[in-house]
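One structure is given below, encoded as structure tokens.
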């Protein structure tokens with residue numbers, strides 16, 4: 490949730506500069522109070538897993554924001570947000586200082602940005618402006634998902650084989 494509070498000024502400034510920009514957030518009532526005043530922000534309350542999958546796979550989004558601030562909980566995170574952004578049809582902007590630098594090739598299948606608000610705004614504006622870049626990054630993200638899927642399947646087979654055979 491700290492990331493959503495951190496994004497507030499970024500989202501507010503992007504909306505003020507680009508009247509076409511619309512943001513969707515999934516957050517609890519505490520965060521909702523903070524964003525309520527912003528036009529062009531659509532708030533969804535947390536939902537069960539089946540609804541969330543349905544929500545993601547509508548696939549009509551352009552950009553996914555994944556800032557990860559430096560605190561212990563984020564050290565335990567996985568690549569889940571990468572998969573969620575791609576499943577939703579978007580290109581991700583990820584914190585450069587996070588574990589995402591291990592899987593995201595900056596400018597190839599997403600953008601890695603330092604956790605500085607001005608840099609996040611610049612990255613968002615770049616992706617809004619440059620549809621060709623957005624499409625390239627998205628299709629490369631799909632390829633990365635396939636690569637990660639293949640690695641996971643191979644690892645599973647190896648572990649299964651070692652443990653059960």
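Residue numbers (the working numbering): 490 to 654. Built from N, CA and C at the ideal position, the CB exists for glycine as well.
CB of residue 491 within 8 Å of CB of residue 558, strictly: Yes.
The region 515 to 534 in contact with the region 633 to 652 per 3-pair CB rule at 8 Å: Cβ pair count under 8 Å is below three, so no.
Cβ-based neighbour list, residue 536, same chain, cut-off 7 Å, excluding 5 preceding and 5 following: Non-local beta-carbon contacts of residue 536 in its own chain, meaning distances under 7 Å to residues more than five positions away in sequence, involve 544 in chain order.
For residue 596, the residue or residues it bridges with in DSSP: Looking at the DSSP output, residue 596 bridges to nothing.
Residue of 608, 652, 614 and 512 minimising C-alpha distance to residue 550: Nearest Cα to residue 550 within the set 608, 652, 614 and 512: 512.
Local Cβ density within 10 Å of residue 571, reported as buried at 16 or more and exposed below that: With 16 or more other Cβ atoms within 10 Å, it is buried.
Residue burial classification, residue 493 (beta-carbon count within 10 angstroms, cutoff 16): It is buried - the Cβ of residue 493 has at least 16 other Cβ atoms within 10 Å.
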